[in-house]
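Student:
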Amino acid sequence: MKRHNLLFILCLAIVGIFSFQNTTEVKAVSFVHTFKKTTMVSRSDQKDDFTYDFTRIKKPKLKAKTDWLTDKIGKDSGNDHYYRVATNEWVSTDDVALINKDINRPITISTGHNIWKFNRKTYEFTYTGHRLAAGTWASDERIQLPRGISYCKVGPNEWIQNIHY
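According to my numbering, the stretch in the sequence shown is residues 44 to 208, in order.
1) For H144 versus E184, is the C-beta distance shorter than 7 Å?
2) Do the stretch 72 to 87 and the stretch 133 to 141 make contact, defined as three or more Cβ pairs closer than 8 Å?
3) Should N65 go down as buried or exposed, given a rule of 16 or more other Cβ atoms within 10 Å for buried?
4) Quick one: Cα of F97 to Cα of L141, how far?
5) Once DSSP output is grouped into helix, strand and coil, what is the label at I142?
6) Give the range of the beta strand (DSSP E) segment to which I186 is assigned.
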């Protein structure tokens with residue numbers, strides 16, 4: 044019996060050691076924020092790398108003002124885009140904001156840009172009356188709103204609009 048226990052403990056140790064050798068390091072976190080109760084769709088057939096058939100899901104819906112991790116974007120044949128929020132559950136890009144954190148990518152602007160501040164409770168941006176000079180700036184967060192307007196964070200609650208990098 045002692046040999047069985049010893050063998051069992053040895054096997055657990057080996058499994059434990061090897062299972063932690065293949066960890067994945069996540070560089071950036073992406074999530075979507077809902078503004079209202081949001082209908083989801085499910086994906087069926089895949090037409091090409093990014094194009095799928097989507098079907099509306101009647102229940103459940105995502106609650107308003109909630110955040111959901113996302114890892115994939117897809118589109119349908121009508122060029123409507125969706126973010127995946129769960130296994131085979133997707134939401135329209137028209138209904139949510141996409142937030143990318145910890146991206147740590149500098150941005151370069153050739154002309155000055157207006158500086159905006161962000162209200163995390165309402166997800167609204169307001170103009171500060173200041174401008175960011177041309178140059179290269181550190182940026183570690185990006186928010187894309189449903190209207191297609193995106194903002195890049197360049198300082199403590201300082202954001203510039205529509206920079207593609």
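Ideal Cβ placement from N, Cα and C applies to all residues, glycine included.
Tutor: Reading it off the structure:
1) In the sequence as displayed, the identity of residue 144 is Lys instead of His. Cβ distance < 7 Å, so K144 and E184 count as in contact.
2) yes
3) Legend: pLDDT at N65 = 41, less than 50; position of this residue unreliable, no value from coordinates given.
4) 20 Å
5) strand
6) E184 to Q187
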